[in-house]
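Below is one structure, written out as structure tokens; the observations come after it.
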Amino acid sequence: MTPTPDSATVPPVQVLHDGAHAGQYNMDLDAGLLDAAVRQGYCALRLYQWQEPTISLGHFQDVDDPVVQQRFQGLPRVKRLSGGGAILHDRELTYSCVLPKSHPASQSPGKIYDLMHAGLINVLMEFGVTCRMRGAPLTGPEPFLCFGRGDPRDVVVGNHKIIGSAQRRRAGAVLQHGSILLAKSPFAPEFPGVAELTGIAIDVDQLAATLQRRLAPLLGTPCPITAWPESLECVKNPAAGGDALNA
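Last residue of the sequence shown: 1019 (this note's numbering), numbering continuous.
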């Protein structure tokens, strides 16, 4: 069992499930949360979805890559702060967490991957999904899409990846976000989700509520968000996709 961080050494964990939003809004809000972690020692867990199927590209990927232009033409596309491969956000739930420099888990990238992925595995097991960390990397050329890549810390059912995560570190603070593939998308049918691999259809709202209860205590003392930090005020406006607090 993973111990809960000492509440005397870490800030309260702001917890939010804010529904579905446009892709750029989702990325802007994650970026704003990271900025708040850097400037204000903010710690947060966010669960969210996407208003329509959207491609998010890793920080070092090209938005004009032929894969995007030829295969996903017409779909909205955004760039993530984090690295890794492109993700087609459709029929999934996305999580993000930000930790300040002072948080014990922010000291190395592997600590947060292990902490969050172990927690995600435990929650999925509650829904009857047998899954594990991959344990060894896949060899060969690195595909453009995240779910075609293989990292030892990927969460898999059999050999099929169902959770992929990526990080961005800034001034010691960390943003980690990842996609939980609940069912395959018609835009990327080569990647089966939980439904196809296990026959289990998970209600996304029920999953989000369970993740809030189970993951937040791994990071610190949960505290529902009642007000955004000042650095996020520029993000939460109707033009950017709406006020997530009131979604």
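All C-beta atoms in this analysis are idealised placements derived from N, C-alpha and C, irrespective of residue type, glycine included.
Please read these numbers as outputs of a predicted model, since none were measured by experiment.
Could you spell out the range, first to last residue, of the beta strand (DSSP E) harbouring LYS883? By one-based count along the sequence shown, residue 883 stands at place 111. Segment 881-898 is the alpha helix (DSSP H) holding LYS883; no beta strand (DSSP E) there.
Note down the Cα distance separating LYS933 from MET799, rounded to an integer number of angstroms. Counting from one through the sequence shown, the residue named residue 933 turns up at place 161. Counting from one through the sequence shown, the residue named residue 799 turns up at place 27. Each residue's Cα considered, the two are about 23 Å apart.
Applying the criterion that 16 or more other CB atoms from any shown protein chain within 10 Å of the CB defines a buried residue, is LEU1017 buried or exposed? Within the sequence shown, numbered from 1, the residue matching residue 1017 stands at position 245. The predicted model places LEU1017 with a pLDDT of 35, which falls under 50 and marks its position as unreliable, so this point remains unresolved.
Using the rule of at least 16 other Cβ atoms within 10 Å of the residue's Cβ for burial, across every protein chain shown, is ALA908 buried or exposed? Counting from one through the sequence shown, the residue named residue 908 turns up at place 136. So ALA908 ends up on the exposed side.
Reduced DSSP secondary structure (H/G/I, E/B, other) of VAL810: What you label residue 810 is simply residue 38 of the sequence shown in a count that begins at 1. Here VAL810 sits in helix by DSSP.
Cβ neighbour criterion (16 or more within 10 Å) applied to THR826: The residue given as residue 826 occupies position 54 in the sequence shown. Buried is the call here.
Spatial distance of CYS918 from THR902 (CA atoms): As a working note, residue 918 is residue 146 in the sequence shown. As a working note, residue 902 is residue 130 in the sequence shown. If you take the alpha carbons of CYS918 and THR902, they lie about 21 Å apart.
Could you tell me whether the region 859-876 touches the region 948-959, using the rule of 3 or more Cβ pairs below 8 Å? yes
Would you list the residues sitting across from ILE952 in a DSSP beta bridge? In the sequence shown, residue 952 corresponds to position 180, counting from 1. According to DSSP, which records beta bridges pairwise, ILE952 is partnered with LEU865 and ILE935.
Based on DSSP bridge pairs, tell me the residues matched to THR826. Residue 826 sits at position 54 when you count from the first residue of the sequence shown. Per DSSP, HIS861.
So, for PHE963: in the same chain, excluding its five sequence neighbours on each side, which residues have a beta-carbon less than 7 Å away from its beta-carbon? Start at 1 with the first residue of the sequence shown, and residue 963 comes out as number 191. Excluding positions up to five away in sequence, the list reads PHE919, LEU953 and LYS956.
Cβ-based burial, HIS789 [other Cβ within 10 Å; buried from 16]: By 1-based counting over the sequence shown, the position of residue 789 is 17. HIS789 counts as buried, since no fewer than 16 other beta carbons sit within 10 angstroms of its beta carbon.
Out of HIS831, HIS861 and ARG849, state which residue places its alpha-carbon closest to the alpha-carbon of GLY855. Counting from 1 along the sequence shown, the entry for residue 855 is found at position 83. Closest option to GLY855, judged by alpha-carbon separation, among HIS831, HIS861 and ARG849: HIS831.
Quick one: any contact between the region 799-808 and the region 842-859, if contact means 3 or more CB pairs under 8 Å? They touch, by the three-pair rule.
Return helix, strand or coil for GLY856, following the three-state DSSP convention. Walking along the sequence shown from the start, residue 856 turns up at place 84. Looking at GLY856 - three-state DSSP - the assignment turns out to be coil, as it is neither helix nor strand.
Return helix, strand or coil for PRO775, following the three-state DSSP convention. Residue 775 sits at position 3 when you count from the first residue of the sequence shown. Bear in mind that the predicted position of PRO775 carries a pLDDT of just 48, short of 50, making it unreliable; the figure below should be weighed with that in mind. Three-state DSSP puts PRO775 in coil, outside helix and strand.
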